[in-house]
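If you count the sequence shown from 1, you need to add 77 to reach the numbering used here.
Beta carbons are placed, not taken as given, at the ideal position from N, Cα and C, and that holds for glycine.
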Amino acid sequence: MSVARNKFMTAERIDYQGEVFANRVRRQYNHLRKRFARQNIDCFRLYDWDIPEVRAVVDWYAGHLVVGEYVRTQTGPQWLGQMAQAVAAALGVAAENTHVKKRQTNTKGSVRYRRMGSQKKRFIVRERDLKFWVNLDDFLDTGLFSDHRETRVLVRDMAKGENFLNLFAYTGAFTCAAALGGAKSTVTVDRSQTYMNWAQDNLKLNKLWGKAHALVQSDTDKFLIKAFKDKQKFSLAVIDPPSFFRNRANQVAFDINRDHPQLLKDVLKIMVKGAKIFFSTNHQRFEPQFNDLAVKDIKELTPQTIPIDYRNRKIHRCWMISV
């Protein structure tokens, strides 16, 4: 009679993976920490699936660790916790400052920012001369996408005197960058009131909040219809949509491969001549369809917008569109 095999990894295999994983993260931390300290950056990536059999990501948040697993059946329920313990021990991080998250590689049709808890524990991280609130426990994402650290520099450098629009804005990090760069006005749009409140907190944290900055809780398509009707015009914009989302209550669904051409056409209607649009996506199989856009120029900026700490040079793609 045959004996069924255990579908999970053995304890010995998990211990071995924990050791090589922790050693890799320790080396990367020692390599990066001084470089980023000189730049006043205390939020950066330490590991991004560097070892093929250890499907994880590790981020550093000002003395806290976030260890995420790309979920697969073989690892079993204990694997992520043991990997997190190994990394925390290697870097001397206390258990209460070590946070674990499970990530799905196929999220089509799922909620983009699913609430995981309600601890409401936030603290401040630095990104050069900007500061942001992060929450490492209540949501899958933390409040800051560090892979766009360099893109925010580009936005800040171009923002002086511009009327800036931030669509799918999340917690408003791009808005803070534009405001710090001297934008004449900003409009920040997201369908979540939670994230609009968070964006306001970030603006206040950086002493940027004021009458020039509007926060709009709205689906993007509804905002664009109203903005066009009201003859609003913008000269600089960031569009960083999710790959997919579905709002059954409002019968709204979005698929970036299917819907980005129409989204960009609708945005172009409210941009002035000569305006610049940053368009970005983290969809790993994105297929750009830009041929029908009535624009002056489209330039891919991906290589210069990926920070040095991201081994995955396709963590996102980014273009600058000249109107």
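In the three-state DSSP reduction, residue 199 falls in the coil class, being neither helix nor strand. With a threshold of 16 other beta carbon atoms within 10 Å, residue 93 falls short and is exposed. When only Cα atoms are considered, residue 119 and residue 306 end up about 43 Å apart. With contacts defined as CB atoms closer than 8 Å, residue 354 and residue 400 qualify as a contacting pair. For residue 207, the enclosing beta strand (DSSP E) covers residues 207–211.
Straight-line measurement puts the Cα of residue 393 at about 8 Å from the Cα of residue 361.
Here the segment 142–149 does not lie against the segment 231–245, with fewer than 3 beta-carbon pairs under 8 Å apart. In this structure, the straight-line span from the alpha carbon of residue 340 to that of residue 272 is close to 21 Å. One thing to note: residue 103 has its Cβ within 8 Å of the Cβ of residue 168. Residues of the same chain with a CB within less than 7 Å of the CB of residue 204, apart from the 5 flanking positions on each side, are 118, 120, 226 in chain order. For residue 160, the uninterrupted alpha helix (DSSP H) segment begins and ends at 156–168. Here residue 398 carries a strand assignment [DSSP, helix/strand/coil].
CA-CA distance, residue 266 to residue 318, rounds to 11 Å. Secondary structure at residue 352: strand, using DSSP grouped into helix, strand and coil.
Residue burial is scored here from C-beta neighbours: residue 107 has fewer than 16 other C-beta atoms within 10 angstroms and is therefore classed as exposed. Rounded to the nearest angstrom, the gap between the Cα atoms of residue 239 and residue 158 is 47 Å. Within the DSSP secondary-structure output, residue 122 pairs in a beta bridge with 136.
Distance from the CA of residue 281 to the CA of residue 97, rounded to the nearest whole angstrom, comes to 42 Å. Look at residue 363 here: in three-state DSSP terms it is coil, with no helix or strand label. Residue 228 and residue 382 have their C-alpha atoms some 5 Å from each other. Taking the Cα of residue 390 as reference, the smallest distance to any Cα among 86, 125, 342 is reached at 125. When DSSP states are grouped into helix, strand and coil, residue 90 belongs to the helix group.
The three-state secondary structure of residue 393, taken from DSSP, is coil. Between the segment 255–270 and the segment 290–303, the count of Cβ pairs shorter than 8 Å is three or higher; the stretches touch. Around residue 133, the same chain offers 98, 124, 126, 144, 145, 146, 147, 157, 160 as residues with beta carbons nearer than 8 Å, after the five sequence neighbours per side are excluded. Taking C-beta atoms under 8 Å as the contact rule, residue 253 and residue 279 qualify, at a distance of about 5 Å.
The shortest C-alpha to C-alpha distance from residue 285 to any of 258, 270, 376, 311 is the one to 258.
Where residue 179 is concerned, the enclosing beta strand (DSSP E) starts and stops at 175–180. Taking C-beta separations shorter than 8 Å and ignoring five residues to either side along the sequence, the partners of residue 260 in its chain run 236, 237, 238, 239, 240, 241, 289, 313, following chain order. Secondary structure of residue 219 (DSSP, three-state): coil. Here the alpha carbons of residue 384 and residue 224 stand approximately 6 Å from one another.
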